[in-house]
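Structure first, then comments.
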Amino acid sequence: MTDVSDGVLHTLFRSDQGGHEQVVLCQDRATGLKAVIAIHSTALGPALGGTRFYPYASEEEAVADALNLARGMSYKNAMAGLDHGGGKAVIIGDPEQIKSEELLLAYGRFVASLGGRYVTACDVGTYVADMDVVARECRWTTGRSPENGGAGDSSVLTSYGVYQGMRAAAQHLWGDPSLRDRKVGVAGVGKVGHHLVEHLRAEGAEVVITDVREDAVRRILDRHPRGVSAVADTEALIRTEGLDVYAPCALGGALNDDSVPVLTAKVVCGAANNQLAHPGVEKDLADRGILYAPDYVVNAGGVIQVADELHGFDFDRCKAKASKIFDTTLAIFARAKEDGIPPAAAADRIAEQRMAEARPAR
Numbered sequence: 004m005t006d007v008s009d010g011v012l013h014t015l016f017r018s019d020q021g022g023h024e025q026v027v028l029c030q031d032r033a034t035g036l037k038a039v040i041a042i043h044s045t046a047l048g049p050a051l052g053g054t055r056f057y058p059y060a061s062e063e064e065a066v067a068d069a070l071n072l073a074r075g076m077s078y079k080n081a082m083a084g085l086d087h088g089g090g091k092a093v094i095i096g097d098p099e100q101i102k103s104e105e106l107l108l109a110y111g112r113f114v115a116s117l118g119g120r121y122v123t124a125c126d127v128g129t130y131v132a133d134m135d136v137v138a139r140e141c142r143w144t145t146g147r148s149p150e151n152g153g154a155g156d157s158s159v160l161t162s163y164g165v166y167q168g169m170r171a172a173a174q175h176l177w178g179d180p181s182l183r184d185r186k187v188g189v190a191g192v193g194k195v196g197h198h199l200v201e202h203l204r205a206e207g208a209e210v211v212i213t214d215v216r217e218d219a220v221r222r223i224l225d226r227h228p229r230g231v232s233a234v235a236d237t238e239a240l241i242r243t244e245g246l247d248v249y250a251p252c253a254l255g256g257a258l259n260d261d262s263v264p265v266l267t268a269k270v271v272c273g274a275a276n277n278q279l280a281h282p283g284v285e286k287d288l289a290d291r292g293i294l295y296a297p298d299y300v301v302n303a304g305g306v307i308q309v310a311d312e313l314h315g316f317d318f319d320r321c322k323a324k325a326s327k328i329f330d331t332t333l334a335i336f337a338r339a340k341e342d343g344i345p346p347a348a349a350a351d352r353i354a355e356q357r358m359a360e361a362r363p364a365r
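Add 3 to a position in the sequence shown, counting from 1, and you land on the number used in our numbering.
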């Protein structure tokens with residue numbers, strides 16, 4: 004067995020980052036499907052989490068990502084007050100090259116084979132139309148189109164929840180939840196980020212954006228000729244003078260040993276999953292006086308939305324639940340101050356307590 008495989012198995016069975024209940028490796032040679040479904044916990048109910056379609060450098064990297072993402076979903080769902088555990092799936096490959104109806108149907112059959120232990124939804128590389136296809140083979144599919152009994156694009160409420168978390172951070176740090184005249188840097192203005200920009204501009208915030216896709220940046224600048232500017236890349240964004248809030252809204256690992264020392268913002272609050280590159284980064288942020296709103300708390304609006312699909316979707320009901328992210332984030336900051344720990348650790352403690360209290364009853 005290779006050292007890399009040993010590392011994956013160590014994560015799964017023996018490390019603090021593990022504790023997963025089940026990991027399923029899926030392959031359908033006819034369609035080219037290779038996927039990993041990771042179920043971290045069903046203590047609170049069926050595992051719920053999206054399907055990421057991504058060209059991983061190796062199968063081992065894909066498994067590791069699925070494990071990390073599934074664990075994060077357990078904490079996210081617990082903090083969102085949902086009766087769901089955490090799970091995540093990844094499909095290995097470039098969706099632009101290999102995604103097909105047949106592949107998605109094959110994937111749906113694998114999810115269905117779990118009998119409801121895992122409920123899937125959209126993530127990076129998958130969209131509402133894809134979930135409509137998956138749902139043809141699997142009834143445990145959310146994130147579908149309204150025409151097919153779903154709620155549609157979950158990025159709408161994801162961005163709204165991040166906005167509420169940002170307002171809570173402003174309240175905690177500056178004594179006022181308003182973001183008017185605050186300078187907010189948004190890294191990644193795709194599915195979620197462009198909605199977040201709309202919320203910020205509506206309140207009168209000054210916004211600085213960046214994205215690897217020039218067309219995504221241009222769309223924002225064309226829509227907001229005033230109050231929004233762009234910089235070349237994330238490296239430039241995190242060094243922007245006078246930045247009040249940094250919102251990582253692309254892939255994970257944005258907060259690391261290189262970025263934290265040069266970050267000018269006093270608040271980090273964004274939509275990306277797994278923003279902390281490794282354990283200890285949360286302390287580095289606290290030592291620099293930077294307030295971190297835990298990612299899985301503030302970006303829970305999307306999972307609140309897709310979970311509601313299972314009960315007959317109601318947008319107003321979901322938005323009301325997502326609004327509570329403001330209070331939840333404030334409670335985490337208060338717990339962190341009381342316990343003398345970073346907010347990320349405080350959020351973990353609260354989530355772990357809820358999961359632990361649920362286990363004896365199941």
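Glycine included, C-beta positions come from ideal geometry on N, C-alpha and C.
Where the beta strand (DSSP E) through residue i begins and ends
i: residue 56; result: 54 to 57
i: residue 27; result: 25 to 31
Nearest to residue i (by Cα), restricted to the options the options
i: residue 333; options: 272, 276, 322; result: 272
i: residue 34; options: 63, 81, 161, 102; result: 102
i: residue 78; options: 105, 299, 310; result: 299
i: residue 254; options: 193, 150, 164; result: 193
i: residue 98; options: 199, 54, 76; result: 54
i: residue 62; options: 48, 37, 50, 137; result: 37
i: residue 351; options: 201, 297, 95; result: 297
i: residue 283; options: 136, 180, 100, 345; result: 345
i: residue 309; options: 280, 131, 279; result: 131
i: residue 219; options: 96, 48, 195; result: 195
i: residue 173; options: 238, 156, 159, 247; result: 247
i: residue 158; options: 322, 120, 341; result: 322
i: residue 209; options: 279, 244, 56, 109; result: 244
i: residue 143; options: 150, 105, 128, 119; result: 119
i: residue 153; options: 207, 133, 163; result: 133
i: residue 109; options: 100, 338, 93, 140; result: 140
i: residue 260; options: 278, 269, 249, 250; result: 278
i: residue 68; options: 163, 292, 94; result: 94
i: residue 281; options: 25, 223, 347, 84; result: 347
Residue range of the alpha helix (DSSP H) that includes residue i
i: residue 322; result: 318 to 326
i: residue 156; result: Segment: none, residue 156 is in no alpha helix (DSSP H) and carries neither H nor E.
i: residue 366; result: Given a span of 4 to 365 for the chain in the structure shown, any question on residue 366 remains unanswerable.
i: residue 246; result: Note, residue 246: premise wrong, no alpha helix (DSSP H); not H, not E.
i: residue 288; result: 284 to 290
i: residue 137; result: 131 to 138
i: residue 306; result: 304 to 312
Straight-line Cα distance separating residue j from residue i
i: residue 86; j: residue 325; result: 15 angstroms
i: residue 183; j: residue 355; result: 35 angstroms
i: residue 187; j: residue 117; result: 42 angstroms
i: residue 235; j: residue 213; result: 6 angstroms
i: residue 314; j: residue 125; result: 18 angstroms
i: residue 343; j: residue 295; result: 14 angstroms
i: residue 88; j: residue 228; result: 43 angstroms
i: residue 90; j: residue 122; result: 8 angstroms
i: residue 211; j: residue 43; result: 36 angstroms
i: residue 286; j: residue 353; result: 18 angstroms
i: residue 319; j: residue 177; result: 30 angstroms
i: residue 138; j: residue 191; result: 29 angstroms
i: residue 115; j: residue 146; result: 16 angstroms
i: residue 231; j: residue 216; result: 17 angstroms
i: residue 327; j: residue 32; result: 45 angstroms
i: residue 359; j: residue 46; result: 8 angstroms
i: residue 364; j: residue 81; result: A caution first: residue 364 carries a pLDDT of 43, below 50, which makes its placement in the model too unreliable to give a value.
i: residue 197; j: residue 205; result: 13 angstroms
i: residue 311; j: residue 305; result: 10 angstroms
i: residue 16; j: residue 23; result: 8 angstroms
i: residue 30; j: residue 96; result: 12 angstroms
i: residue 256; j: residue 112; result: 32 angstroms
i: residue 221; j: residue 274; result: 21 angstroms
i: residue 156; j: residue 148; result: 8 angstroms
Coarse secondary structure for residue i, derived from DSSP in three states
i: residue 278; result: coil
i: residue 37; result: strand
i: residue 258; result: strand
i: residue 299; result: helix
i: residue 162; result: helix
i: residue 334; result: helix
i: residue 237; result: helix
i: residue 122; result: strand
i: residue 268; result: coil
i: residue 228; result: coil
i: residue 250; result: strand
Residue i beta carbon near the ligand SAM (any heavy atom closer than 7 angstroms)
i: residue 278; result: Only the bare structure without any ligand can be found here, which leaves the ligand SAM out of the picture.
Entirely within the region 171 to 219 and at least 3 residues each: give me those beta strand (DSSP E) ranges in chain order. 186 to 190, 209 to 213
Only counting runs of 3 or more residues, tell me where the beta strand (DSSP E) segments fall wholly within the region 36 to 118, in order along the chain. 36 to 44, 54 to 57, 88 to 95
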